[in-house]
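A.B. asks: Residues in the sequence shown are numbered from 77 upward in steps of one, following the working numbering. One structure, as structure tokens, below. Some questions next.
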Amino acid sequence: MSGIVDNAKQTSKNKKRLKDNTNDLELVPNRDDQPRWISNIRWCAYCSVGVLLLNIIFASTLAAGAAENGGISLHLLINLLSTVALAASSCCMQVLVAPIREQVDQCHAQGKWLDIGIPGVRNLTIVGPFRVGLWLILLLTSMPFHLMYVISDDQFFHLISDNRSYNSAVSRSMFLSQHDAEAYFIPHDIIPAEFSRLLTPRNEHCFSENYPFQLDLQEMTSYLTNRSYETVHKDRCISMLTDLDTPMLGTFFMRTHQLNSSMSGNRAFRQGTGFLGENMTLVGKQPMGVWEFDFDTSYGTLPWKTNIFDWDTCYQYATAETCDDAQNLTSWLRTALPESPTLIDSYTKSLGSNITGKPEILGNCQGWGSGYHLDFEDCLVVQQDPNCQLQYSPFIFVLVAVMMIVKIIIMVLIVRNGPSSPSPLLTIGDAVASFLTLPDPNTLGICWMTKLDLKRKGYSWRDQTLLKGKLKAPCIWIRAAKLWRKLIVLILWISCIIYVFYQLGIFAHNWCPDAESDCSAIRSWTTGIDTGTTRNGAFKLWEAYYTESSVVELVLISNLPQLFLTFSYHFYNSVLTSILAEAEYSSYGTQRKGLRVSRPQDNSALRSTYWLSVPFRYSVPLLIIYPVIGWAVSQSLSLVTSSEIRKDGIDITYSLTYSPLAIIISLALFFVMGTSLLALGLCRRFKSKLPLTGACSVIISAACHPPEPLDDAMNKVQWGETLFLPDGLENEPGVGHCSFISQETLLPSGDKDYR
Numbered sequence: 077m078s079g080i081v082d083n084a085k086q087t088s089k090n091k092k093r094l095k096d097n098t099n100d101l102e103l104v105p106n107r108d109d110q111p112r113w114i115s116n117i118r119w120c121a122y123c124s125v126g127v128l129l130l131n132i133i134f135a136s137t138l139a140a141g142a143a144e145n146g147g148i149s150l151h152l153l154i155n156l157l158s159t160v161a162l163a164a165s166s167c168c169m170q171v172l173v174a175p176i177r178e179q180v181d182q183c184h185a186q187g188k189w190l191d192i193g194i195p196g197v198r199n200l201t202i203v204g205p206f207r208v209g210l211w212l213i214l215l216l217t218s219m220p221f222h223l224m225y226v227i228s229d230d231q232f233f234h235l236i237s238d239n240r241s242y243n244s245a246v247s248r249s250m251f252l253s254q255h256d257a258e259a260y261f262i263p264h265d266i267i268p269a270e271f272s273r274l275l276t277p278r279n280e281h282c283f284s285e286n287y288p289f290q291l292d293l294q295e296m297t298s299y300l301t302n303r304s305y306e307t308v309h310k311d312r313c314i315s316m317l318t319d320l321d322t323p324m325l326g327t328f329f330m331r332t333h334q335l336n337s338s339m340s341g342n343r344a345f346r347q348g349t350g351f352l353g354e355n356m357t358l359v360g361k362q363p364m365g366v367w368e369f370d371f372d373t374s375y376g377t378l379p380w381k382t383n384i385f386d387w388d389t390c391y392q393y394a395t396a397e398t399c400d401d402a403q404n405l406t407s408w409l410r411t412a413l414p415e416s417p418t419l420i421d422s423y424t425k426s427l428g429s430n431i432t433g434k435p436e437i438l439g440n441c442q443g444w445g446s447g448y449h450l451d452f453e454d455c456l457v458v459q460q461d462p463n464c465q466l467q468y469s470p471f472i473f474v475l476v477a478v479m480m481i482v483k484i485i486i487m488v489l490i491v492r493n494g495p496s497s498p499s500p501l502l503t504i505g506d507a508v509a510s511f512l513t514l515p516d517p518n519t520l521g522i523c524w525m526t527k528l529d530l531k532r533k534g535y536s537w538r539d540q541t542l543l544k545g546k547l548k549a550p551c552i553w554i555r556a557a558k559l560w561r562k563l564i565v566l567i568l569w570i571s572c573i574i575y576v577f578y579q580l581g582i583f584a585h586n587w588c589p590d591a592e593s594d595c596s597a598i599r600s601w602t603t604g605i606d607t608g609t610t611r612n613g614a615f616k617l618w619e620a621y622y623t624e625s626s627v628v629e630l631v632l633i634s635n636l637p638q639l640f641l642t643f644s645y646h647f648y649n650s651v652l653t654s655i656l657a658e659a660e661y662s663s664y665g666t667q668r669k670g671l672r673v674s675r676p677q678d679n680s681a682l683r684s685t686y687w688l689s690v691p692f693r694y695s696v697p698l699l700i701i702y703p704v705i706g707w708a709v710s711q712s713l714s715l716v717t718s719s720e721i722r723k724d725g726i727d728i729t730y731s732l733t734y735s736p737l738a739i740i741i742s743l744a745l746f747f748v749m750g751t752s753l754l755a756l757g758l759c760r761r762f763k764s765k766l767p768l769t770g771a772c773s774v775i776i777s778a779a780c781h782p783p784e785p786l787d788d789a790m791n792k793v794q795w796g797e798t799l800f801l802p803d804g805l806e807n808e809p810g811v812g813h814c815s816f817i818s819q820e821t822l823l824p825s826g827d828k829d830y831r
């Protein structure tokens, strides 16, 4: 131990001389007159401002055409910028926890170590409360930000308008969801220009404002008369209505031979229920004729309307014969639709009944009666302008905007304080350059030590300095990452795979509920990837009517998979950064080259670092594929809004829908990402026997004890066995020393002891 004390004293004497070199290394401007990491943070701020501006620009309903044609492009753009913003936050978090050299020396003197080159949490105990606060704010704003906005971007949701009040006599959902829809059958022998002659005061009641889904008869007449239309054959008409790939269409009027223009009043119209029958017929309801009559009871004469007649109720007040007559009359009225009291009187006389009606009530249509199947030859299709929109939730906009503003403020603070603060050790190259310029005596004599040796239970590295040890053989890349990070990435990856398989199971159940169902795999591809255009009820998972809370609730539910994606990005990036930084570090054992630092100098061999520690050939594909994954996941489960425009207002419904094709794409991309990382970590080995650092400051410092600390950091360096020992180590037979050095080195031996 006396050797270490003497070496510490000697290093203290030389510290003043070496301090000047250290200051030069940290403060001399580089080619851009600023550290590279400050420039990186500035670009992070620019990207975050861009995401914020994108929120503001699209904080209102978009034009119809842009929403219909640019939805996928907009989703991809949002996911790309949002992933960049997430990467920017990760970059800033790594800068905030990066230690300075003074903090590293203090920890080494206490027998502790710090993380260098990775976004670790160990350093939070030494960077100070201000940086810890900023780091926590970035972390807390990143997670909800991703959940509410990034990648899934369900704050922009589709709005599909049926507009039944003026342009949807028949809607597609009539054929698909098997729910009632408004369809009007018109006589086959009438042209739209002559449609107005069917108007009578009597049939106006069938199109009254009491039925907000129905067309006003005046509006329907004007609509057919003044708008351009296309005559479409029956087969094509049904195909247009049932094909999901057909663009949004306008009005459909069915022309049937079962109605003719000689019919007047209510008999010239039928309302379709939307149910397809045999031979592709539609059920059409007829208007209910109303006729009020009086009949004698034990309580006196009572009025009765035929449209609400009930035999059992009648029998409580009248004789069975009278109720039978009333029942027969009611049935005849609903079928014959008589237009004059004379016809009714003739019918009642034929029954021998004494029932007398009130003619002033006749014809007041108050609804639609029982229906029957109607065939039709063709239909009139009135084209409609697209009315698909992308809408925005103000509540989510405020949350996203606030979080983005907070992130930008933190980035600005980092940029403003960066030049006046001591240069942090952001990368392993920064740490090597610093330790070569000013070696740490606390780590002398343990050049053989690895992170695993350092973490052994009951092992104190400060008490074991100057002990000899052997170098380990090169290992696979995956050993460089921390075990808990690797486990988290593996768990998240498996969870995502389970999630997409779960959605595929839901899809298979809906399409193939029994053995007789059509389970063709082609159907899952032809439904398309954009769930916003999917209107088939089979794809709905959840439905709710409009409230601000329901919107936020559905957005959160639809974006839950994005939370897994956020965590996977952080930990995936952490594992990738660890193994790539270690691979770069290990390459110095076989090749002499300049160090990659965050602040290179002119007239030196120092090189500019990557985006922190990840080469562009890895970081750029990562920034590209993650938005694509996020977009696919967001499309697999997304929020769709249906707006039904009626006379009495707009009825908005929110639905959670899913896309089978998007699920398949998500599964494929997750598989590629996971297997790529596994293949990279398991199939590649480090190039040299340079001990793995595990981003540990002690291991890096132990490899930086050159015999003479000259200007090694400024020149091209290589790690290997030195020809001479540094001060503080004694020459012994069969014992050597390894270090980064700019001078000549020997190839280390696996059988030799080193210290």
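Every residue gets a Cβ at the ideal spot worked out from N, C-alpha and C, and that includes glycine. In this text, all values refer to a predicted model and were calculated from it rather than measured experimentally.
Kindly indicate the opening and closing residues of the alpha helix (DSSP H) around G505.
C.D. replies: As a position in the sequence shown, residue 505 is number 429, starting the count at 1. From DSSP, the alpha helix (DSSP H) with G505 extends over I504 to T513.
A.B. asks: When the distance is taken between beta carbons, is L768 closer than 8 Å to A779?
C.D. replies: The residue you call residue 779 lines up with position 703 of the sequence shown. The residue you call residue 768 lines up with position 692 of the sequence shown. In this structure, L768 does not lie closer than 8 Å to A779 by Cβ.
A.B. asks: Identify which residue in T666, Q794, A163 and I485 has its Cα closest to the Cα of A681.
C.D. replies: Counting from 1 along the sequence shown, the entry for residue 681 is found at position 605. It is Q794.
A.B. asks: At what residues does the alpha helix (DSSP H) containing V173 begin and finish?
C.D. replies: For the purposes of this step, residue 173 is identified with residue 97 of the sequence shown, where counting begins at 1. Neither: V173 is in no alpha helix (DSSP H) and is coded neither H nor E.
A.B. asks: Would you kindly work out how many angstroms separate the C-alpha atoms of P500 and G196, rounded to a whole number?
C.D. replies: Within the sequence shown, residue 500 is the residue found at index 424, counting from 1. Within the sequence shown, residue 196 is the residue found at index 120, counting from 1. Each residue's alpha carbon lies about 14 Å from the other.
A.B. asks: Distance, Cα to Cα, G608 vs S674?
C.D. replies: One-based indexing of the sequence shown puts residue 608 at position 532. One-based indexing of the sequence shown puts residue 674 at position 598. Residue placement at G608 is flagged as unreliable, the pLDDT there being 43, under the threshold of 50; the coordinate-derived value follows with that caveat. Going by the C-alpha atoms only, they are around 46 Å apart.
A.B. asks: Cα separation between V173 and L563?
C.D. replies: Translated into positions along the sequence shown, residue 173 becomes position 97. Translated into positions along the sequence shown, residue 563 becomes position 487. Roughly 23 Å between the two C-alpha positions.
A.B. asks: Starting from E306, follow the beta strand (DSSP E) in both directions and report where the run begins and ends.
C.D. replies: For the purposes of this step, residue 306 is taken as residue 230 along the sequence shown, with counting starting at 1. Start and end: Y305 to H309.
A.B. asks: Is the beta carbon of M487 less than 8 Å from the beta carbon of T217?
C.D. replies: Along the sequence shown, one-based indexing puts residue 487 at 411. Along the sequence shown, one-based indexing puts residue 217 at 141. Not a contact, by the Cβ cut-off of 8 Å.
A.B. asks: From what residue to what residue does the alpha helix (DSSP H) around W387 run?
C.D. replies: Translated into positions along the sequence shown, residue 387 becomes position 311. That run of the alpha helix (DSSP H) goes W387 to Y391.
A.B. asks: Return the chain-ordered list of same chain residues with a C-beta closer than 7 Å to the C-beta of Y645, the five sequence neighbours on each side being excluded.
C.D. replies: If you number the sequence shown from 1, residue 645 lands on position 569. So the qualifying residues of the chain are L162 and Y702.
A.B. asks: By Cβ distance below 6 Å, which residues in the same chain neighbour S663 in space, the five residues on each side in sequence not counted?
C.D. replies: Looking up residue 663 in the sequence shown gives position 587. Hits under 6 Å: K763.
A.B. asks: Can you give me the C-alpha to C-alpha distance between L713 and V474, rounded to a whole angstrom?
C.D. replies: Stepping through the sequence shown from its first residue, residue 713 is reached at position 637. Stepping through the sequence shown from its first residue, residue 474 is reached at position 398. A straight line joining the alpha-carbon of L713 with that of V474 spans about 23 Å.
A.B. asks: For the candidate residues L156, Q182, L450 and V704, whose alpha-carbon lies nearest to that of F261?
C.D. replies: To locate residue 261, count along the sequence shown from 1; it is residue 185. When only C-alpha atoms are compared, the closest one is L450.
A.B. asks: Need the endpoints of the alpha helix (DSSP H) that G757 sits in, please.
C.D. replies: Taking the sequence shown and counting its residues from 1, the one referred to as residue 757 is at position 681. Per DSSP, G757 belongs to the alpha helix (DSSP H) from P736 to C759.
A.B. asks: Determine which residues share a DSSP beta bridge with E797 and list them.
C.D. replies: By one-based count along the sequence shown, residue 797 stands at place 721. E797 pairs with C814 and L822.
A.B. asks: Measuring straight from C-alpha to C-alpha, what distance separates W387 and V709?
C.D. replies: As a position in the sequence shown, residue 387 is number 311, starting the count at 1. As a position in the sequence shown, residue 709 is number 633, starting the count at 1. So the two alpha carbons sit approximately 59 Å from each other.
A.B. asks: Check this for me: beta carbons of V774 and W113, under 8 Å apart or not?
C.D. replies: Here the question's residue 774 lines up with position 698 in the sequence shown. Here the question's residue 113 lines up with position 37 in the sequence shown. No, Cβ-Cβ distance for V774 and W113 is not below 8 Å.
A.B. asks: Let's test the definition: count the other Cβ atoms within 10 Å of the Cβ of H309 and tell me whether it reaches 16, buried, or not, exposed.
C.D. replies: In the sequence shown, the residue the question calls residue 309 occupies position 233. Per the 10 Å Cβ criterion, exposed.
A.B. asks: Based on the DSSP output, what are the partners of I552 in its beta bridges?
C.D. replies: Position 476 of the sequence shown, counted from the start, is the residue given in the question as residue 552. In DSSP, I552 forms a bridge with R761.
A.B. asks: How long is the line joining the alpha carbons of V631 and W707, rounded to whole angstroms?
C.D. replies: Counted from its first residue, the sequence shown places residue 631 at position 555. Counted from its first residue, the sequence shown places residue 707 at position 631. If you take the alpha carbons of V631 and W707, they lie about 15 Å apart.
A.B. asks: Less than 8 Å between the CB atoms is what I'm expecting for I776 and A509, so what's the real figure, rounded?
C.D. replies: Translated into positions along the sequence shown, residue 776 becomes position 700. Translated into positions along the sequence shown, residue 509 becomes position 433. Rounded, the Cβ-Cβ distance is 11 Å, inconsistent with contact.
A.B. asks: Output needed for S124: all residues of its chain with C-beta closer than 7 Å, excluding positions within five of it in sequence on either side, in chain order.
C.D. replies: For this step, residue 124 is matched to residue 48 along the sequence shown. A161, A164, M480, K483, I484 and M487.
A.B. asks: For the candidate residues A557, Y122 and T526, whose alpha-carbon lies nearest to that of A549?
C.D. replies: Start at 1 with the first residue of the sequence shown, and residue 549 comes out as number 473. Of the candidates A557, Y122 and T526, the one whose C-alpha sits nearest the C-alpha of A549 is T526.
A.B. asks: Looking at the structure shown, is R331 part of a helix, part of a strand, or coil, going by DSSP?
C.D. replies: For this step, residue 331 is matched to residue 255 along the sequence shown. Correct three-state label for R331: strand.
A.B. asks: Nearest to S731 by alpha carbon, out of R207, G770 and E629?
C.D. replies: Looking up residue 731 in the sequence shown gives position 655. Per the Cα distances, E629.
A.B. asks: Check for me: the alpha helix (DSSP H) holding F643 runs from which residue to which?
C.D. replies: Start at 1 with the first residue of the sequence shown, and residue 643 comes out as number 567. That run of the alpha helix (DSSP H) goes L636 to S662.
A.B. asks: Excluding the 5 residues preceding and the 5 following G505 in the sequence, name in chain order all residues of the same chain whose CB lies nearer than 7 Å to its CB.
C.D. replies: Here residue 505 corresponds to residue number 429 of the sequence shown, with the count starting at 1. L671, R672, V673 and T685, listed in sequence order.
A.B. asks: Looking only at its own chain, which residues have a Cβ that is under 7 Å from the Cβ of G796, when we skip the five neighbours before and after it?
C.D. replies: Stepping through the sequence shown from its first residue, residue 796 is reached at position 720. G665, C814, T821, L822, L823 and P824.
A.B. asks: Within the continuous alpha helix (DSSP H) that includes P691, where are the two ends?
C.D. replies: As a working note, residue 691 is residue 615 in the sequence shown. No alpha helix (DSSP H) holds P691; DSSP gives it neither H nor E.
A.B. asks: Express the C-alpha separation of P205 and G826 in angstroms, rounding to a whole number.
C.D. replies: In the sequence shown, the residue the question calls residue 826 occupies position 750. In the sequence shown, the residue the question calls residue 205 occupies position 129. Using only the alpha carbons, I get a separation of about 45 Å.
A.B. asks: Is it the case that the Cβ atoms of I490 and L743 are separated by a distance below 8 Å?
C.D. replies: Mapped onto the sequence shown, residue 490 falls at position 414. Mapped onto the sequence shown, residue 743 falls at position 667. Not closer than 8 Å, so no.
A.B. asks: For L753 and L805, I'd like the C-alpha separation in whole angstroms.
C.D. replies: For this step, residue 753 is matched to residue 677 along the sequence shown. For this step, residue 805 is matched to residue 729 along the sequence shown. Answer to the nearest angstrom: the Cα atoms are 42 Å apart.
A.B. asks: Measure the CB-CB distance between L698 and W553 and report whether it falls below 8 Å.
C.D. replies: By one-based count along the sequence shown, residue 698 stands at place 622. By one-based count along the sequence shown, residue 553 stands at place 477. No; because the gap between Cβ atoms is not below 8 Å, this pair is not in contact.
A.B. asks: Please work out which residues of its chain come closer than 7 Å, Cβ to Cβ, to V208, disregarding the five sequence neighbours upstream and downstream, and give them in chain order.
C.D. replies: Residue numbering aside, residue 208 sits at position 132 when the sequence shown is read from its first letter. Contacts found: L200.
A.B. asks: What does R683 pair with, by DSSP beta-bridge criteria?
C.D. replies: Mapped onto the sequence shown, residue 683 falls at position 607. Paired residue(s): R672.
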